[in-house]
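Number of protein chains: 2
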Amino acid sequence: MTSKGTGVSIIGVGMTQFGECWDKGLRELMAEAGVKAIIDAGVDGPDIDAVYGGNMSGGRLSGQEHIGALISDQSGLTPIPATRVEAACASGGLALRQAILSIMAGEHDIVIAGGVEKMNDVGMSQVTTTLGGAADTDWEAAFGATFPALYAMMAKRHMHEYGTTEEQMAAVAVKNHENGAKNPYAQYPFEITIEKVMKSSPIATPLKLFDCSPVTDGAAAVILARDDVAKKYSDSPIKILSSAQASDALALHDRASLTELRAAKFAAKKAYDRAGVTSKDIDLAEVHDCFTIAEILAIEDLGFFPKGQGGPASAEGKTKRTGEIPINTSGGLKACGHPVGATGIKQAVEISWQLRGEAGGRQLENPEIGLSHNVGGSGATCVVHIYSK
Amino acid sequence: MTSKGTGVSIIGVGMTQFGECWDKGLRELMAEAGVKAIIDAGVDGPDIDAVYGGNMSGGRLSGQEHIGALISDQSGLTPIPATRVEAACASGGLALRQAILSIMAGEHDIVIAGGVEKMNDVGMSQVTTTLGGAADTDWEAAFGATFPALYAMMAKRHMHEYGTTEEQMAAVAVKNHENGAKNPYAQYPFEITIEKVMKSSPIATPLKLFDCSPVTDGAAAVILARDDVAKKYSDSPIKILSSAQASDALALHDRASLTELRAAKFAAKKAYDRAGVTSKDIDLAEVHDCFTIAEILAIEDLGFFPKGQGGPASAEGKTKRTGEIPINTSGGLKACGHPVGATGIKQAVEISWQLRGEAGGRQLENPEIGLSHNVGGSGATCVVHIYSK
């Protein structure tokens with residue numbers, strides 16, 4: 015990649031309602047988001063050269079693997095190449111990245127990158143067990159560590175080292191619901207209070223119910239094109255300035271720190287360097303707030319706030335739409351919902367809407383550069399993308 | 015891709031013993047194959063820029079998703095990008111392809127592409143149910159169609175249309191066991207007879223036990239490098255001339271024909287065109303013989319034999335090591351084994367060994383161009399690669 019960017023732009027976006035979609039399965043959700051993105055882009059099906067789909071748990075939650083072919087089949091896009099990528103909760107972001115790389119390789123001109131997860135057709139215990147497979151099954155899940163328990167340990171350590179408080183974490187949830195209340199696609203489009211978060215049921219101390227993102231069905235899709243092709247379809251393509259990805263140990267006990275995600279810091283540094291920008295240039299970011307503590311880690315790892323200052327910054331409103339750096343205008347995973355494989359793509363959809371000025375009641379004032387930060391598991395994968403008008 | 019090839023070469027290969035590996039899990043298998051490939055290439059770990067891993071069923075068979083990070087973690091390769099791709103039984107071939115594209119994109123110089131499956135830690139009924147997720151769960155598996163049943167329908171139709179016989183299908187298994195007997199990595203390194211196949215237990219008529227590939231644990235890995243980088247590490251890099259992928263309907267009833275795989279024909283045509291060769295130029299091929307009928311379809315779809323002649327050609331010995339076009343010198347999925355996500359990579363390993371003259375007792379006489387053909391599900395994905403010395 016050069017400092018001019020990836021040479022790839024987003025020319026169309028679409029997403030389904032996020033929530034409990036009892037009347038739709040994996041294929042209906044994915045096709046709905048894909049068709050919306052195709053219509054938004056104004057491309058014809060035969061113009062699309064390939065499909066990349068992010069999905070974590072089709073196998074365990076719906077009995078369906080081979081998700082790439084499922085998408086091309088259901089969407090009438092065969093015989094084009096269709097590839098599923100999986101990196102737990104970062105599956106969507108990685109699908110976006112592989113799609114970008116396939117265009118950079120000269121292999122494709124126009125690619126659809128989608129993400130989908132169908133989580134509500136099974137019982138909650140099965141969902142919890144399945145999500146445990148995003149962390150280290152042999153060394154964490156097998157000993158009873160659920161996903162909230164892992165993030166609870168990170169939260170405890172952050173509180174110990176930096177004095178972060180439960181109220182500061184609660185402020186993340188309150189802010190994200192404030193944004194989600196203005197997002198018609200959000201699973202929970204209503205506001206909440208600090209008191210409501212603090213009094214919600216304990217899940218894994220110090221995390222309470224309203225510190226946790228929900229179990230969600232949903233899908234999202236973007237249409238990508240090489241820059242010169244993009245101009246034929248759109249007067250307002252969103253340029254992807256950079257794409258960067260990094261990995262880390264699956265298990266928390268193998269990491270040097272519990273209070274930062276090394277993969278996020280690596281990916282962010284590379285993404286900034288390649289885009290030729292710094293954290294100060296970012297006008298808005300969609301970050302991976304699977305738990306409130308995760309957003310605090312994210313805004314520190316991305317360099318928006320000094321280490322240890324993510325909690326106070328959140329409590330002081332610096333991440334609101336009116337603050338220094340608006341975070342999760344979509345409502346984030348917390349209020350918009352977290353259909354695991356779709357989340358990374360939904361982030362790109364929200365950034366695109368904001369940069370195009372189409373974000374409705376939650377529209378920021380003329381943002382120019384956006385960033386998305388998508389985390390897999392408890393931080394073993396992170397992928398960062400930077401976008402501009 | 016230009017007619018000069020992809021610009022990417024294989025500089026190292028490795029695989030584990032295929033079989034029932036009771037003392038090794040997903041991570042141990044993958045790391046063993048990866049380390050063998052790294053040693054074979056003579057690269058240092060820090061020289062590797064990214065990991066691509068093919069795996070179908072880590073989630074359902076081992077409770078572990080997030081397989082990319084698992085590989086980079088276990089192999090000490092963090093923080094490099096690590097990505098899992100899944101397309102059922104074509105997961106390995108797609109991992110190879112995505113790794114190639116990432117180098118073509120200018121994103122990476124040296125990449126490890128691996129595949130792994132751990133299938134024997136659960137009961138056979140769970141394996142059968144899980145493999146059903148490679149086909150259409152809602153419209154095939156839900157109505158009781160197992161994977162052998164789908165291929166049995168294809169076999170029946172091929173018998174009806176072209177007069178293919180059960181003995182001709184048996185000849186495929188006999189030939190693959192003949193090759194597998196000379197492969198020290200094979201799960202079943204012994205010869206069998208037509209009579210033994212014909213008298214084996216019925217699985218889904220007309221397919222019998224010895225028409226079916228087995229349930230296998232195993233892993234395989236290749237190290238890929240951009241051509242100019244490859245020269246620094248190897249005097250005998252294997253050039254990847256082309257990579258092509260296609261998709262088709264997941265369910266058999268949505269396809270125009272039961273006696274050919276449209277995705278295979280599309281991918282093969284593109285792979286031949288890009289490599290600037292025809293089927294006549296291929297000196298050996300590893301094809302996807304998950305069932306004996308699948309090899310017959312493959313050698314027809316790839317253009318080695320006219321439609322309907324795959325059965326007689328197999329019975330007449332034209333696909334033996336001494337025949338017109340040696341097919342599955344490794345022993346194929348049938349005798350070498352079929353650890354689902356590893357198979358596509360194992361095919362590249364075998365082709366590399368043959369082109370390097372390192373295939374031991376099954377070595378062909380100075381082959382120059384090889385082809386691999388990796389199928390997902392009952393044909394909804396196919397990926398074809400062409401290699402040369």
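Chain order of the listed sequences is B and L.
Mapping of the first sequence onto this note's numbering: residues 15 to 403, in sequence order.
Mapping of the second sequence onto this note's numbering: residues 15 to 403, in sequence order.
For every residue, glycine included, the Cβ atom is placed at its ideal position computed from N, Cα and C.
It should be emphasised that the depicted structure is a prediction, and the values quoted were computed from it without experimental measurement.
- Its chain contains Ala258 as the residues whose beta carbon lies nearer than 7 Å to that of lysine 284/B, once the 5 sequence neighbours on both sides are disregarded; these appear in chain order.
- Against chain B, the CB of threonine 151/L has a partner CB under 7 Å away; the residue lies at that interface.
- As the crow flies, the alpha-carbon of leucine 238/L is around 43 Å from that of tyrosine 199/B.
- Closer than 7 Å to the CB of histidine 267/L there is not a single CB belonging to chain B.
- Membership of histidine 191/B in the alpha helix (DSSP H) is indicated by the continuous run 180-194.
- Around the Cβ of glycine 374/L, a 10 Å sphere holds fewer than 16 other Cβ atoms; the residue is exposed.
- If you check the CB distance, alanine 104/L and glutamate 79/B do not come in under 7 Å.
- Counting the other Cβ atoms within 10 Å of the Cβ of glycine 158/L gives fewer than 16, which makes it exposed.
- In terms of Cβ geometry, valine 243/L and valine 27/L do not form a close pair [threshold 7 Å].
- For the C-beta of aspartate 87/B, the chain L residues within less than 9 Å are, from N- to C-terminus, Asp150, Ser261, Asp262, Ala263, Leu264, Ala265, Asp268 and Ala394.
- Beta-bridge annotation (DSSP): glutamine 259/L is paired with Val397/L.
- Annotation: Cβ neighbours of isoleucine 94/L in chain B (cutoff 8 Å, chain order): Ala260 and Ser261.
- Per DSSP, the continuous alpha helix (DSSP H) segment holding arginine 41/B begins and ends at 40-55.
- Residue pairing by DSSP places arginine 98/B opposite Gly67/B and Glu100/L in a beta bridge.
- For the stretch 105-123 of chain B, the set of residues with a beta-carbon nearer than 7 Å to any beta-carbon of chain L comprises Leu108, Gln112, Leu115, Ser116, Met118, Ala119, Gly120 and Glu121, in chain order.
- With fewer than 16 other Cβ atoms inside 10 Å of its own Cβ, isoleucine 53/L counts as exposed.
- In this structure, phenylalanine 305/L sits away from cysteine 396/L, with a CB-CB distance that is not shorter than 7 Å.
- Uninterrupted alpha helix (DSSP H) stretches at least 4 residues long and entirely within the stretch 271-298 of chain B occur at 276-289, given in chain order.
- Annotated three-state conformation of aspartate 58/B is coil, per DSSP.
- About 18 Å separates the Cβ atoms of histidine 191/B and glycine 325/B, ruling out a contact at the 8 Å cut-off.
- Cα atoms of aspartate 297/L and aspartate 150/L: separation of roughly 35 Å, rounded to the nearest angstrom.
- Sequence-ordered contacts of the stretch 275-309 of chain B with chain L read Arg276, Ala277 and Phe280 [C-beta pairs closer than 8 Å].
- Between alanine 233/B and alanine 356/B, the C-beta gap is smaller than 7 Å, which places the two residues in contact.
- Between the alpha carbons of lysine 210/L and threonine 343/L lies a distance of about 21 Å.
- Between the alpha carbons of isoleucine 400/L and histidine 352/L lies a gap of roughly 21 Å.
- In the DSSP assignment, alanine 109/B falls within the unbroken alpha helix (DSSP H) covering 105-118.
- Beta-carbon to beta-carbon, glycine 128/B and methionine 44/B are separated by about 6 Å, close enough to satisfy the 8 Å threshold.
- Chain-order list of chain B residues neighbouring glycine 147/L: Gly72, Gly73, Gly77, Gln78, Glu79 and His80, by C-beta distance under 8 Å.
- Of Ser23/L, Glu100/L, Gly59/L and Pro162/L, the smallest CA-CA separation from glycine 68/L is found for Glu100/L.
- Within chain L, no residue has its CB atom less than 7 Å from the CB of glycine 128/B, the nearest being about 14 Å off.
- DSSP places glycine 384/L in the uninterrupted beta strand (DSSP E) bounded by 383-390.
- Distance from the CA of histidine 267/L to the CA of serine 86/B, rounded to the nearest whole angstrom, comes to 16 Å.
- Listed in chain order, the non-local C-beta contacts of tyrosine 66/B below 6 Å within the same chain comprise Thr97, Ala109, Gln112, Ala113 and Ala127, local neighbours out to five positions each way being set aside.
- If you ignore the 5 residues before and after threonine 30/B, its C-beta comes within less than 6 Å of the C-beta of Leu43, Glu46, Ala47, Gly232 and Ala233, all in its own chain and listed in chain order.
- Among the CB atoms of chain L, one or more fall inside 7 Å of the CB of arginine 98/B.
- Looking at the DSSP output, cysteine 226/B shares a beta bridge with Phe305/B.
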